[in-house]
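J.: My structure is below; once you've seen it, I'll send some questions.
Number of protein chains: 2
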Amino acid sequence: MTTDYRDFYRGRAVMITGGLGFIGSNLARMLVGIGADVLLVDSLIPDYGGNLFNIDGIANRVRVNVADIRQQSTMNYLVRDRDVIFNLAGQVSHIDSLRDPYTDLEINCRSQLTVLEACRNHNPQVKVVFAGTRQVYGRPDSLPVTEQHLVRPTDINGINKAAGEYYHLVYNNVFGIRACSLRLTNVYGPRQLIKHNRQGFVAWFIRLAIEDKTIEIYGDGTQVRDFVYVDDAADAFLRAGASNACNGEVFNVGGDRPISHRDFTTLLVNIAESGRVRYVEWPPEKKAIDIGSFYADSSKFMQATGWRQTMTLEEGLRRTLTFYRHHFDKYVDGSALMEPA
Amino acid sequence: MTTDYRDFYRGRAVMITGGLGFIGSNLARMLVGIGADVLLVDSLIPDYGGNLFNIDGIANRVRVNVADIRQQSTMNYLVRDRDVIFNLAGQVSHIDSLRDPYTDLEINCRSQLTVLEACRNHNPQVKVVFAGTRQVYGRPDSLPVTEQHLVRPTDINGINKAAGEYYHLVYNNVFGIRACSLRLTNVYGPRQLIKHNRQGFVAWFIRLAIEDKTIEIYGDGTQVRDFVYVDDAADAFLRAGASNACNGEVFNVGGDRPISHRDFTTLLVNIAESGRVRYVEWPPEKKAIDIGSFYADSSKFMQATGWRQTMTLEEGLRRTLTFYRHHFDKYVDGSALMEPA
Chain A
1 MTTDYRDFYR GRAVMITGGL GFIGSNLARM LVGIGADVLL VDSLIPDYGG NLFNIDGIAN
61 RVRVNVADIR QQSTMNYLVR DRDVIFNLAG QVSHIDSLRD PYTDLEINCR SQLTVLEACR
121 NHNPQVKVVF AGTRQVYGRP DSLPVTEQHL VRPTDINGIN KAAGEYYHLV YNNVFGIRAC
181 SLRLTNVYGP RQLIKHNRQG FVAWFIRLAI EDKTIEIYGD GTQVRDFVYV DDAADAFLRA
241 GASNACNGEV FNVGGDRPIS HRDFTTLLVN IAESGRVRYV EWPPEKKAID IGSFYADSSK
301 FMQATGWRQT MTLEEGLRRT LTFYRHHFDK YVDGSALMEP A
Chain B
342 MTTDYRDFYR GRAVMITGGL GFIGSNLARM LVGIGADVLL VDSLIPDYGG NLFNIDGIAN
402 RVRVNVADIR QQSTMNYLVR DRDVIFNLAG QVSHIDSLRD PYTDLEINCR SQLTVLEACR
462 NHNPQVKVVF AGTRQVYGRP DSLPVTEQHL VRPTDINGIN KAAGEYYHLV YNNVFGIRAC
522 SLRLTNVYGP RQLIKHNRQG FVAWFIRLAI EDKTIEIYGD GTQVRDFVYV DDAADAFLRA
582 GASNACNGEV FNVGGDRPIS HRDFTTLLVN IAESGRVRYV EWPPEKKAID IGSFYADSSK
642 FMQATGWRQT MTLEEGLRRT LTFYRHHFDK YVDGSALMEP A
């Protein structure tokens, strides 16, 4: 099993939606290494995660198709003859979803129907792996959170991601489009968007550390999270895509070491040897959608596929910091829309 | 408590979306009786539940505004100055949602954002009661089903209804728009659509019994359901709308007497003194979204509001049969789009 699932992709036609984004591009790099035929679909919407530099070094070994997955006729064409679709395109900002719920609905909910209808009508043999999120659980009733925990999102983004995930399961069960969902926790690593702070705190904290700025922690920093290095997350997608045992199922994919915001930022600042931490009051709009402590139980996925986290947080942060220090200008530019931190 | 919640509505400005439909119109009749100022909003889309005859006898005591709740500017205007919104508009066919998932998405999911955004921007003081559904649970893990059961819809309609419900909770928690959801089981009674058989089996069976036709039961008829007479369902909406203890919560509203399809149809045919029952194989497209036996535990709602079911199934069926026998032509006409039963 340890290598079989990688061999599965040799010569296979694979499509990654959101393929120029954070997880998509790292997954693409792995698939290129294995010898897959890789098609990357990305809308390159400004302010979202797509970045052409993310495929630097593999650009001549993948095919890039700039397209919006909301476009039915385009998707109908692109899904043909693909063996596996890694469906990662999405809008990931919780805050944006509360300011403009319709755009979030279009991109995270309606667009999933577009992909799935394209598969149903033009490639029913395909396998689809959806990038779900731990956000669908909302504020946990108990820890660690298993897949038996209620789905109870605290913001619009979480609702639309939940609906997008449910669509995949219904298309699996009703229409036979093999599909599953990985509910990812906090994925970090190279190639994540750091232009603005509206897409999760980890990448933003890493940027602040590199810039030797002050990282602001809301509250007392005792909240716990788990973290997954992006290569481990990409490996999870490879395993899920190659396993029919995953069809119709949802799986948590989280880190094996829960850590408080306080300890995480201390570790980050120590490894970076720059930056500092300050504790501030919760802004009300963020407090309203805060979920307290969260960490996932990923044993269902580990049992189904043999997946294990292989990267320590220390080494993962080290690699991430090194990456962004080498390529800072490719991820932060004058057009960056920053909010006051 | 028994009458307070009714007094609450005297002189209050109330809006019912889907107000010319089955539950909406029965609720309107109660509200008119109490002395509320009632605005009914309905799209009157052919093939859906809206029917002007449903307000026969109260038409001059309510205001009807034909409008689609997907229309933002219209909703922005209509929600102003309303004290309570009963948000009942929706597409209720499971099968239609699998044939045309986009329309179901528009009507059951996106439109809820339209209503809630209108409230957020133009009437944040309003109270909203959403008509949810037991469908969000899918096939139960155990019976009776409480609100702690996983949300795991088996069809597109169930997913979109779940998303619509979640929006209400997030608007309650994040934006302070007081809202709650009633997850109704099988509501039956006068004024339900019986033109075609794509909106639930109860009304269709009642029509077949009246027409002295054969009622077809899929499988062996041992599946169990619970039933709520429409006046009891309307009473549940009144209670929820008047109670701030319900805000931010979801509640099952189901019947207190689970009964098998077999026993239900036998009872129906006996009371009707017409019609007959035949057992047939499951059609594959219906089997794929079947949920087996289902009945709800409504004790959370009963404790919160004092609600009790008051109508027996026998008496409820008797009244329903009498109603349709008197007004059959108002609910079945030449334009009816029937499928082969």
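For the protein sequence lines, the chains are A and B, in the order given. Position 203 of the first sequence, counted from 1, bears residue number 203 in our numbering, the numbering being contiguous throughout. The number in our numbering is simply the position in the second sequence, starting from 1, with 341 added. Cβ coordinates follow ideal geometry from the N, Cα and C atoms, glycine included.
What are the residues of the segment 279-294 of chain A that lie near chain B, defined by any Cβ-Cβ distance shorter than 7 Å?
T.: Of all residues in the segment 279-294 of chain A, 288 and 289 have a Cβ within less than 7 Å of some Cβ in chain B.
J.: Identify the continuous beta strand (DSSP E) that holds residue 216 of chain A and give its terminal residues.
T.: Along the first sequence, one-based indexing puts residue 216 of chain A at 216. It spans 214-218 - the beta strand (DSSP E) in which residue 216 of chain A sits, taken as one unbroken run.
J.: Got a sec, what are the start and stop residues for the beta strand (DSSP E) residue 570 of chain B sits in?
T.: Translated into positions along the second sequence, residue 570 of chain B becomes position 229. 568-570 is the span of the beta strand (DSSP E), which, as asked, contains residue 570 of chain B.
J.: Which runs of the beta strand (DSSP E), 3 residues or longer, sit entirely within the segment 72-137 of chain A?
T.: Listed in chain order, they are 84-87 and 127-133.
J.: Beta carbon of residue 193 of chain A, beta carbon of residue 53 of chain A: below 8 Å?
T.: Against the first sequence, residue 193 of chain A aligns to sequence position 193. Against the first sequence, residue 53 of chain A aligns to sequence position 53. No, the Cβ-Cβ distance between residue 193 of chain A and residue 53 of chain A is not below 8 Å.
J.: Three or more C-beta pairs closer than 8 Å, one from the segment 435-449 of chain B and one from the segment 83-102 of chain A: is that the case here?
T.: The answer is no - the segment 83-102 of chain A does not touch the segment 435-449 of chain B, with fewer than three Cβ pairs under 8 Å.
J.: Using beta carbons (cut-off 8 Å, strictly below), is residue 559 of chain B in contact with chain A?
T.: As a first step, residue 559 of chain B must be located in the second sequence, where it is residue number 218. Chain A, which has no Cβ nearer than 8 Å to the Cβ of residue 559 of chain B, makes this no.
J.: Can you pull out the residues from the segment 126-142 of chain A whose beta carbon lies closer than 8 Å to at least one beta carbon of chain B?
T.: Hits within the stretch: zero.
J.: Which residues in the same chain have their Cβ closer than 7 Å to the Cβ of residue 485 of chain B, if we skip the five residues on either side of it in sequence?
T.: Residue mapping note: residue 485 of chain B aligns to position 144 of the second sequence, counting from 1. The answer, listed in chain order, is 636, 637 and 638.
J.: For the alpha helix (DSSP H) that residue 658 of chain B lies in, which residues bound it at each end?
T.: Numbered from 1 along the second sequence, position 317 holds the residue referred to as residue 658 of chain B. Per DSSP, residue 658 of chain B belongs to the alpha helix (DSSP H) from 654-672.
J.: Identify the contact partners of residue 110 of chain A in chain B, using a Cβ-Cβ distance below 7 Å as the criterion.
T.: Here residue 110 of chain A is taken as the residue at index 110 of the first sequence, counted from 1. Near residue 110 of chain A (Cβ distances below 7 Å), the residues of chain B are 446.
J.: In the DSSP assignment, what are the bridge partners of residue 381 of chain B?
T.: Looking up residue 381 of chain B in the second sequence gives position 40. DSSP lists B:357 and B:405 as partners of residue 381 of chain B.
J.: Below 8 Å on C-beta distance, what does residue 155 of chain A contact in chain B?
T.: For the purposes of this step, residue 155 of chain A is taken as the residue at position 155 of the first sequence. Those within 8 Å of residue 155 of chain A in chain B are 511 and 515.
J.: Between residue 500 of chain B and residue 167 of chain A, what straight-line distance do the alpha-carbon atoms span, to the nearest angstrom?
T.: Position 159 of the second sequence, counted from the start, is the residue given in the question as residue 500 of chain B. Position 167 of the first sequence, counted from the start, is the residue given in the question as residue 167 of chain A. Approximately 7 Å, taken between the alpha carbons.
J.: Buried or exposed: where does residue 551 of chain B fall if 16 or more other Cβ atoms within 10 Å of its Cβ makes it buried?
T.: The sequence position of residue 551 of chain B within the second sequence is 210, counting from 1. Buried: at least 16 other Cβ atoms inside 10 Å.
J.: Would residue 138 of chain A pass as a contact of residue 182 of chain A if the rule is Cβ separation under 8 Å?
T.: Mapped onto the first sequence, residue 138 of chain A falls at position 138. Mapped onto the first sequence, residue 182 of chain A falls at position 182. Against a cut-off of 8 Å, the Cβ pair of residue 182 of chain A and residue 138 of chain A comes out as no contact.
J.: At a CB-CB cut-off below 8 Å, which residues of chain B make contact with residue 163 of chain A?
T.: Walking along the first sequence from the start, residue 163 of chain A turns up at place 163. Within 8 Å Cβ-Cβ: 450, 500, 501, 503 and 504.
J.: Can at least three beta-carbon pairs, one atom from the segment 578-593 of chain B and one from the segment 652-660 of chain B, be found at a separation below 8 Å?
T.: The segment 578-593 of chain B vs the segment 652-660 of chain B: no contact.
J.: Give the DSSP-derived three-state secondary structure of residue 27 of chain A in the structure shown.
T.: By one-based count along the first sequence, residue 27 of chain A stands at place 27. The answer is helix: DSSP assigns residue 27 of chain A an H, G or I state.
J.: Step through the CB atoms of chain B and report whether any lies within less than 8 Å of the CB of residue 117 of chain A.
T.: Position 117 of the first sequence, counted from the first residue, corresponds to residue 117 of chain A. True, the Cβ-Cβ gap to chain B drops below 8 Å.
J.: Measure the C-alpha to C-alpha separation of residue 240 of chain A and residue 177 of chain A and round it to an integer number of angstroms.
T.: As a working mapping, residue 240 of chain A is identified with position 240 in the first sequence. As a working mapping, residue 177 of chain A is identified with position 177 in the first sequence. Approximately 14 Å, taken between the alpha carbons.
J.: Which residue comes first and which comes last in the alpha helix (DSSP H) that contains residue 548 of chain B?
T.: On the second sequence, position 207 is the one that residue 548 of chain B refers to. It spans 542-551 - the alpha helix (DSSP H) in which residue 548 of chain B sits, taken as one unbroken run.
J.: I need the DSSP call for residue 187 of chain A, collapsed to helix, strand or coil.
T.: As a first step, residue 187 of chain A must be located in the first sequence, where it is residue number 187. If DSSP states are grouped into helix, strand and coil, residue 187 of chain A belongs with the strands.
J.: For residue 352 of chain B, collect the residues of the same chain with a Cβ closer than 8 Å to its Cβ; drop the 5 residues on either side in sequence, then sort them by chain order.
T.: By 1-based counting over the second sequence, the position of residue 352 of chain B is 11. For residue 352 of chain B, where only same-chain residues beyond five positions count, the Cβ hits under 8 Å are 376, 377 and 378.
J.: Under the three-state reduction of DSSP, which class applies to residue 296 of chain A: helix, strand or coil?
T.: By one-based count along the first sequence, residue 296 of chain A stands at place 296. Correct three-state label for residue 296 of chain A: strand.
J.: Do the segment 109-124 of chain A and the segment 71-90 of chain A meet, that is, are 3 or more Cβ pairs less than 8 Å apart?
T.: Contact between the segment 109-124 of chain A and the segment 71-90 of chain A is present, because at least three Cβ pairs lie under 8 Å.
J.: Which whole-angstrom value describes the C-beta separation of residue 234 of chain A and residue 15 of chain A, a residue pair presumed to lie in contact below a C-beta threshold of 8 Å?
T.: Numbered from 1 along the first sequence, position 234 holds the residue referred to as residue 234 of chain A. Numbered from 1 along the first sequence, position 15 holds the residue referred to as residue 15 of chain A. In fact, because the Cβ distance is near 15 Å, the residues do not count as touching under 8 Å.
J.: Specify the secondary structure class of residue 608 of chain B as computed by DSSP and reduced to three states.
T.: Your numbering for residue 608 of chain B matches position 267 in the second sequence. Residue 608 of chain B: helix per DSSP, three-state reduction.
J.: Taking the continuous beta strand (DSSP E) assigned at residue 593 of chain B, which residues delimit it?
T.: The residue given as residue 593 of chain B occupies position 252 in the second sequence. That run of the beta strand (DSSP E) goes 591-594.
J.: Helix, strand or coil: how does DSSP classify residue 152 of chain A here?
T.: As a first step, residue 152 of chain A is located in the first sequence; it is residue number 152 there, counting from the start. Residue 152 of chain A falls in the coil class under three-state DSSP.
J.: On the DSSP letters alone, give me the boundaries of the alpha helix (DSSP H) that residue 346 of chain B sits inside.
T.: As a working mapping, residue 346 of chain B is identified with position 5 in the second sequence. Taken as a continuous stretch (DSSP letters only), the alpha helix (DSSP H) holding residue 346 of chain B covers 345-348.
J.: What is the DSSP secondary structure of residue 182 of chain A, counted as helix, strand or coil?
T.: Position 182 of the first sequence, counting from 1, holds the residue named residue 182 of chain A. Strand at residue 182 of chain A.
J.: Whose Cβ in chain B lies nearer than 8 Å to the Cβ of residue 150 of chain A?
T.: Within the first sequence, residue 150 of chain A is the residue found at index 150, counting from 1. Simply 489, 491 and 492.
J.: Return the residues of the segment 174-192 of chain A that lie within a Cβ-Cβ distance of less than 9 Å from chain B, sorted by chain order.
T.: Under the 9 Å Cβ criterion, the segment 174-192 of chain A contributes 174 and 175.
J.: Note the first and the last residue of the continuous beta strand (DSSP E) segment covering residue 278 of chain A.
T.: Sequence index remark: in the first sequence, residue 278 of chain A carries index 278 (1-based). Counting along the chain, the beta strand (DSSP E) containing residue 278 of chain A begins and ends at 276-280.
J.: Determine the burial state of residue 477 of chain B: buried for a count of at least 16 other Cβ atoms within 10 Å of its Cβ, exposed for fewer.
T.: Here the question's residue 477 of chain B lines up with position 136 in the second sequence. The residue in question, residue 477 of chain B, is buried, as its Cβ has 16 or more Cβ neighbours within 10 Å.
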